[in-house]
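Asks: Handing you this structure, nothing more for now.
There are 2 protein chains.
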Amino acid sequence: VKALTFHDSLKVVDDAPSPQRDGEALVRVICAGICNTDLEIARGYAGFKGVLGHEFVGRVVEALDSNLVGRRVVGEINAGCGSCDLCAKGDPRHCKKRTVLGIKGRSGAFAEFLSLPVCNLIEVPDSVSDEAAVFAEPLAAALGILEQVQISPKESVVLIGDGKLALLVVLALAQAGENLTVIGKHESKLDLARRFGARKTIDARAQQADLEPADVVIEASGSPSGLETALRIVKPGGTVVLKSTHHEPTTVDLSTVVVNELKIIGSRCGRMKPAIEMLKSDRVDPTVLISNRFELAEGVRAFAQASMPEAMKVILQIS
Amino acid sequence: VKALTFHDSLKVVDDAPSPQRDGEALVRVICAGICNTDLEIARGYAGFKGVLGHEFVGRVVEALDSNLVGRRVVGEINAGCGSCDLCAKGDPRHCKKRTVLGIKGRSGAFAEFLSLPVCNLIEVPDSVSDEAAVFAEPLAAALGILEQVQISPKESVVLIGDGKLALLVVLALAQAGENLTVIGKHESKLDLARRFGARKTIDARAQQADLEPADVVIEASGSPSGLETALRIVKPGGTVVLKSTHHEPTTVDLSTVVVNELKIIGSRCGRMKPAIEMLKSDRVDPTVLISNRFELAEGVRAFAQASMPEAMKVILQIS
Numbered sequence: 045v046k047a048l049t050f051h052d053s054l055k056v057v058d059d060a061p062s063p064q065r066d067g068e069a070l071v072r073v074i075c076a077g078i079c080n081t082d083l084e085i086a087r088g089y090a091g092f093k094g095v096l097g098h099e100f101v102g103r104v105v106e107a108l109d110s111n112l113v114g115r116r117v118v119g120e121i122n123a124g125c126g127s128c129d130l131c132a133k134g135d136p137r138h139c140k141k142r143t144v145l146g147i148k149g150r151s152g153a154f155a156e157f158l159s160l161p162v163c164n165l166i167e168v169p170d171s172v173s174d175e176a177a178v179f180a181e182p183l184a185a186a187l188g189i190l191e192q193v194q195i196s197p198k199e200s201v202v203l204i205g206d207g208k209l210a211l212l213v214v215l216a217l218a219q220a221g222e223n224l225t226v227i228g229k230h231e232s233k234l235d236l237a238r239r240f241g242a243r244k245t246i247d248a249r250a251q252q253a254d255l256e257p258a259d260v261v262i263e264a265s266g267s268p269s270g271l272e273t274a275l276r277i278v279k280p281g282g283t284v285v286l287k288s289t290h291h292e293p294t295t296v297d298l299s300t301v302v303v304n305e306l307k308i309i310g311s312r313c314g315r316m317k318p319a320i321e322m323l324k325s326d327r328v329d330p331t332v333l334i335s336n337r338f339e340l341a342e343g344v345r346a347f348a349q350a351s352m353p354e355a356m357k358v359i360l361q362i363s
Numbered sequence: 045v046k047a048l049t050f051h052d053s054l055k056v057v058d059d060a061p062s063p064q065r066d067g068e069a070l071v072r073v074i075c076a077g078i079c080n081t082d083l084e085i086a087r088g089y090a091g092f093k094g095v096l097g098h099e100f101v102g103r104v105v106e107a108l109d110s111n112l113v114g115r116r117v118v119g120e121i122n123a124g125c126g127s128c129d130l131c132a133k134g135d136p137r138h139c140k141k142r143t144v145l146g147i148k149g150r151s152g153a154f155a156e157f158l159s160l161p162v163c164n165l166i167e168v169p170d171s172v173s174d175e176a177a178v179f180a181e182p183l184a185a186a187l188g189i190l191e192q193v194q195i196s197p198k199e200s201v202v203l204i205g206d207g208k209l210a211l212l213v214v215l216a217l218a219q220a221g222e223n224l225t226v227i228g229k230h231e232s233k234l235d236l237a238r239r240f241g242a243r244k245t246i247d248a249r250a251q252q253a254d255l256e257p258a259d260v261v262i263e264a265s266g267s268p269s270g271l272e273t274a275l276r277i278v279k280p281g282g283t284v285v286l287k288s289t290h291h292e293p294t295t296v297d298l299s300t301v302v303v304n305e306l307k308i309i310g311s312r313c314g315r316m317k318p319a320i321e322m323l324k325s326d327r328v329d330p331t332v333l334i335s336n337r338f339e340l341a342e343g344v345r346a347f348a349q350a351s352m353p354e355a356m357k358v359i360l361q362i363s
């Protein structure tokens with residue numbers, strides 16, 4: 045199987061082992077997206093070795109239920125043990141024994157084929173294009189914020205960051221009607237934020253004197269200074285959502301958290317179905333975030349491109 | 045006015061300025077308790093200079109409403125501006141212009157007299173002794189956790205710390221019926237935790253192999269390693285409550301917070317009325333936490349005693 049693998053370095057190989065697992069569906073990957081988590085794994089973070097990738101759309105080629113064969117699908121990336129309390133409740137996202145597609149114990153989506161439990165697959169409606177469907181996973185992650193934090197219409201939300209995940213957060217929250225201000229460092233990305241429904245954007249390089257304290261601050265910049273900024277601009281009693289995976293220990297002024305009685309909420313994955321519904325609604329077109337497309341054979345170059353500051357979503361076209 | 049003041053050092057003086065403020069009630073302090081925040085201020089933390097102390101019971105000696113004179117009272121320590129949105133909603137705890145008794149912009153309770161707005165005073169029922177009433181403020185802070193976090197009866201709670209504030213948290217949570225495990229380092233304090241209703245106690249110096257991951261972990265040890273421990277033992281999706289003021293920046297592994305989708309909640313002050321109700325209920329006797337009593341004139345020695353590891357609540361008897 046042709047695949048983009050990471051061991052000591054990133055490499056495209058033609059002979060990766062078949063990902064097929066007993067009882068699961070085998071999916072031929074159509075295209076896949078590169079996420080910052082992939083870039084961090086490729087820098088050695090998290091200790092994952094193997095085929096990378098977890099944002100994908102594909103077509104089922106083998107499954108016990110033959111009705112599934114030929115369906116176009118996206119997939120929940122967490123595969124639970126199936127028997128613990130969390131899995132029994134239908135939410136394997138925190139199952140202790142879970143594997144995670146291209147992240148933990150499970151071969152990923154930057155390959156001709158991937159394997160996932162049938163219950164992880166969600167069919168993609170015909171009206172959603174392949175390239176839009178690739179955004180289902182990160183859009184679900186963005187929507188996950190609304191699962192975790194109740195934001196009332198009167199409350200103000202500030203988003204720190206203007207990268208690809210941050211902009212999906214803009215889409216998700218603007219659709220939910222939130223009063224959103226985005227702080228970023230790239231004019232063109234802040235333009236997109238406004239197109240996606242941000243009421244206001246602020247260039248982080250300029251003075252921030254006019255920034256009102258916010259009820260909710262979402263840190264999605266991935267930068268160590270993001271949390272510091274968030275703690276400075278959130279109202280007492282307010283909420284800071286951490287949406288980026290920081291892979292290094294960060295120094296935090298916890299006395300601010302206590303004295304101002306702040307809430308800090310870590311947010312990782314969301315549900316795929318609401319994301320697919322949103323993509324179907326036609327009010328949302330995340331494909332404008334695509335900055336580059338590469339063939340799988342050019343995967344190493346694709347990663348280099350995805351690491352550039354001006355890059356947005358880089359897509360691998362696989363079959 | 046005789047008072048225990050902190051400027052460059054801690055000192056008992058006989059000629060502190062009268063604390064009286066226009067329109068406020070003047071209260072003769074009966075007795076007052078030393079809190080860790082006082083110890084930290086006396087080490088130079090928070091920059092407060094003046095008369096320390098915020099845990100007290102006293103008797104009103106002057107007030108515009110003569111009905112108040114002679115009443116025995118405790119007081120909410122945050123005095124708001126009275127005109128901002130928060131104050132208008134009756135909760136000055138986060139008013140930006142607030143003063144805080146013995147902590148910020150307002151002379152404190154380690155003095156013969158203090159001044160507070162009438163709306164901050166809560167009358168103490170006759171059945172509650174002076175020394176029990178002194179615990180109203182820290183008990184309110186302990187009860188504040190239940191204002192901020194919904195804990196269902198099925199959920200498990202681990203409390204890190206066995207100091208005086210931690211043990212009041214035990215009282216507050218055990219009364220609320222919580223399933224509470226306490227981790228501490230002092231056998232006698234852990235004994236008290238069990239008397240106060242903890243279902244289980246664990247000596248932190250022993251192996252912790254048998255500790256089940258908890259739904260809610262409350263860090264009340266005041267030690268920098270407390271949060272680290274909390275993040276290690278909390279369930280994915282669980283809540284960590286920060287109940288101690290850490291006065292130094294702390295290094296936190298934020299990727300654990302994101303990947304496990306944890307909530308970290310800072311908790312400082314609570315409401316006095318529920319605390320007074322609890323003290324009145326007679327099921328609760330916090331005065332067993334008193335380890336030492338001193339006259340105001342011996343205030344400096346009292347602080348030295350309160351800083352000892354084995355000390356619990358140190359009381360200043362003032363009038």
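Chains A and B supply the protein sequences, listed in that same order.
Numbering (our numbering) for the first sequence: 45 to 363.
Numbering (our numbering) for the second sequence: 45 to 363.
Ideal Cβ placement from N, Cα and C applies to all residues, glycine included.
Since we're looking at a predicted model, the values are computed, not measured.
1) To the nearest angstrom, how far is it from the Cα of B:Leu298 to the Cα of A:Leu236?
2) From what residue to what residue does the alpha helix (DSSP H) around A:Cys131 run?
3) Can the beta-carbon of B:Lys46 be found closer than 9 Å to that of B:Ala250?
4) Go through the stretch 252-296 of chain A residue by residue and report every complete run of the alpha helix (DSSP H) that reaches 4 residues or more, in order.
5) Is A:Ala218 buried or exposed, if buried means 16 or more other CB atoms sit within 10 Å of its CB?
6) The beta strand (DSSP E) with A:Leu224 in it runs from where to where?
7) Cβ closer than 9 Å: which chain B residues qualify as neighbours of A:Asn304?
8) Measure the CB-CB distance between B:Thr289 and B:Gly266 and report whether it falls below 9 Å.
9) I need the straight-line Cα distance from A:Asp222 to A:Thr283, nearest angstrom please.
10) Give the DSSP bridge partners of B:Gln361, in chain order.
11) When the distance is taken between beta carbons, is B:Lys93 closer than 9 Å to B:His138?
12) DSSP beta-bridge partners for B:Leu48?
13) Assuming B:Leu323 and B:Ala123 form a contact by the criterion Cβ under 8 Å, report the distance between their Cβ atoms to the nearest whole angstrom.
14) Starting from the beta carbon of B:Pro318, find every residue of chain A whose beta carbon is closer than 9 Å, and list them in chain order.
15) If contacts are defined as beta-carbon pairs under 8 Å, then A:Val261 and A:Val202 qualify, I think. What distance do you get, rounded to the angstrom?
16) If the cut is a Cβ gap below 7 Å, which residues of chain B does A:Lys208 touch?
17) What residue does the alpha helix (DSSP H) around B:Leu234 start on, and which one ends it?
18) Mind reading off the beta-carbon distance from A:Leu145 to A:Ile166? Whole number of angstroms is fine, and I expect it under 8 Å.
19) Can you have a look at A:Arg150 and say buried or exposed, based on whether 16 or more other CB atoms are within 10 angstroms of its CB?
20) Which chain A residues are close to B:Gly266, counting only those with a beta carbon under 8 Å from its beta carbon?
21) My guess is that B:Phe154 and B:Val71 are in contact by the Cβ rule of under 8 Å, so how many angstroms apart are they, rounded?
22) So, is A:Pro197 buried or exposed, given that buried needs 16 or more other C-beta atoms within 10 angstroms?
23) Taking the alpha carbon of B:Glu99 as the point to measure from, which residue in B:Met352, B:Glu354, B:Cys313 has its own alpha carbon closest?
24) Would you mind telling me which residues of chain B sit closer than 8 Å to A:Gly281, beta carbon to beta carbon, in chain order?
25) What would DSSP say about B:Arg137, mapped onto helix, strand or coil?
26) Any idea which residues DSSP pairs B:Lys307 with across the strands?
27) Taking all protein chains shown into account, decide if A:Leu132 is buried (16 or more other Cβ within 10 angstroms of its Cβ) or exposed.
28) Looking at B:Ala86 and B:Leu54, is the spacing between their C-beta atoms short of 9 Å?
29) Determine the direct distance from the alpha carbon of A:Val105 to that of A:Asp170, and round the result to whole angstroms.
30) In chain order, what residues of the same chain lie with their CB nearer than 7 Å to the CB of B:Val214, ignoring the 5 residues before and after it?
Replies: The answer reads as follows:
1) Taking the second sequence and counting its residues from 1, the one referred to as residue 298 of chain B is at position 254. Taking the first sequence and counting its residues from 1, the one referred to as residue 236 of chain A is at position 192. Going by the C-alpha atoms only, they are around 28 Å apart.
2) Looking up residue 131 of chain A in the first sequence gives position 87. Start and end: 129-132.
3) Walking along the second sequence from the start, residue 46 of chain B turns up at place 2. Walking along the second sequence from the start, residue 250 of chain B turns up at place 206. The answer is no: Cβ separation not under 9 Å.
4) 268-277
5) Walking along the first sequence from the start, residue 218 of chain A turns up at place 174. So A:Ala218 ends up on the buried side.
6) Here residue 224 of chain A refers to the residue found at position 180 of the first sequence. A:Leu224 -> beta strand (DSSP E) spans 223-228.
7) As a position in the first sequence, residue 304 of chain A is number 260, starting the count at 1. Correct list: His138, Gly310, Arg312.
8) As a working mapping, residue 289 of chain B is identified with position 245 in the second sequence. As a working mapping, residue 266 of chain B is identified with position 222 in the second sequence. A contact, by the Cβ cut-off of 9 Å.
9) Taking the first sequence and counting its residues from 1, the one referred to as residue 222 of chain A is at position 178. Taking the first sequence and counting its residues from 1, the one referred to as residue 283 of chain A is at position 239. Before going on, a small fix: residue 222 of chain A reads as Glu here, not Asp. For A:Glu222 and A:Thr283, the distance between alpha carbons rounds to 15 Å.
10) Position 317 of the second sequence, counting from 1, holds the residue named residue 361 of chain B. Note: B:Gln361 sits in a beta bridge opposite B:Cys75, B:Glu339.
11) Here the question's residue 138 of chain B lines up with position 94 in the second sequence. Here the question's residue 93 of chain B lines up with position 49 in the second sequence. No, the pair does not count as a contact, with Cβ atoms beyond the cut-off.
12) Counted from its first residue, the second sequence places residue 48 of chain B at position 4. B:Val56, per the DSSP bridge assignment.
13) Here the question's residue 323 of chain B lines up with position 279 in the second sequence. Here the question's residue 123 of chain B lines up with position 79 in the second sequence. Not quite, the Cβ-Cβ distance comes to about 23 Å (not below 8 Å), so this is no contact.
14) Position 274 of the second sequence, counted from the start, is the residue given in the question as residue 318 of chain B. Under the 9 Å cutoff, chain A gives no residues; its nearest Cβ is about 17 Å from B:Pro318.
15) In the first sequence, the residue the question calls residue 261 of chain A occupies position 217. In the first sequence, the residue the question calls residue 202 of chain A occupies position 158. Indeed, because the Cβ distance is near 5 Å, the residues count as touching under 8 Å.
16) Within the first sequence, residue 208 of chain A is the residue found at index 164, counting from 1. None at all; the shortest Cβ gap to chain B is about 17 Å.
17) By one-based count along the second sequence, residue 234 of chain B stands at place 190. B:Leu234 -> alpha helix (DSSP H) spans 231-239.
18) As a working mapping, residue 145 of chain A is identified with position 101 in the first sequence. As a working mapping, residue 166 of chain A is identified with position 122 in the first sequence. 13 Å between Cβ atoms; not a contact.
19) The residue given as residue 150 of chain A occupies position 106 in the first sequence. By the 10 Å Cβ count, A:Arg150 comes out buried.
20) For the purposes of this step, residue 266 of chain B is identified with residue 222 of the second sequence, where counting begins at 1. Result: empty, since nearest Cβ-Cβ is about 11 Å, beyond 8 Å.
21) Indexing the second sequence from 1 puts residue 154 of chain B at position 110. Indexing the second sequence from 1 puts residue 71 of chain B at position 27. The Cβ separation is near 13 Å, so there is no contact.
22) Within the first sequence, residue 197 of chain A is the residue found at index 153, counting from 1. Its Cβ having fewer than 16 others within 10 Å, A:Pro197 is exposed.
23) On the second sequence, residue 99 of chain B is found 55 positions in, with the first residue counted as 1. Taking only the C-alpha atoms, the option nearest B:Glu99 is B:Cys313.
24) For the purposes of this step, residue 281 of chain A is taken as the residue at position 237 of the first sequence. Chain B residues near A:Gly281: His138.
25) On the second sequence, residue 137 of chain B is found 93 positions in, with the first residue counted as 1. The answer is helix: DSSP assigns B:Arg137 an H, G or I state.
26) Working through the second sequence from its first residue, we reach residue 307 of chain B at position 263. Partner(s): A:Ile309, B:Thr283.
27) As a first step, residue 132 of chain A is located in the first sequence; it is residue number 88 there, counting from the start. The question names Leu, but residue 132 of chain A in the sequence shown is Ala. Under this definition A:Ala132 is an exposed residue.
28) As a first step, residue 54 of chain B is located in the second sequence; it is residue number 10 there, counting from the start. As a first step, residue 86 of chain B is located in the second sequence; it is residue number 42 there, counting from the start. In contact: B:Leu54 and B:Ala86 (Cβ atoms closer than 9 Å).
29) Walking along the first sequence from the start, residue 170 of chain A turns up at place 126. Walking along the first sequence from the start, residue 105 of chain A turns up at place 61. Taking the straight line from one Cα to the other gives about 18 Å.
30) Residue 214 of chain B sits at position 170 when you count from the first residue of the second sequence. Same-chain partners within the cutoff: Leu203, Leu224, Val226, Ala237, Phe240, Gly241, Ala242.
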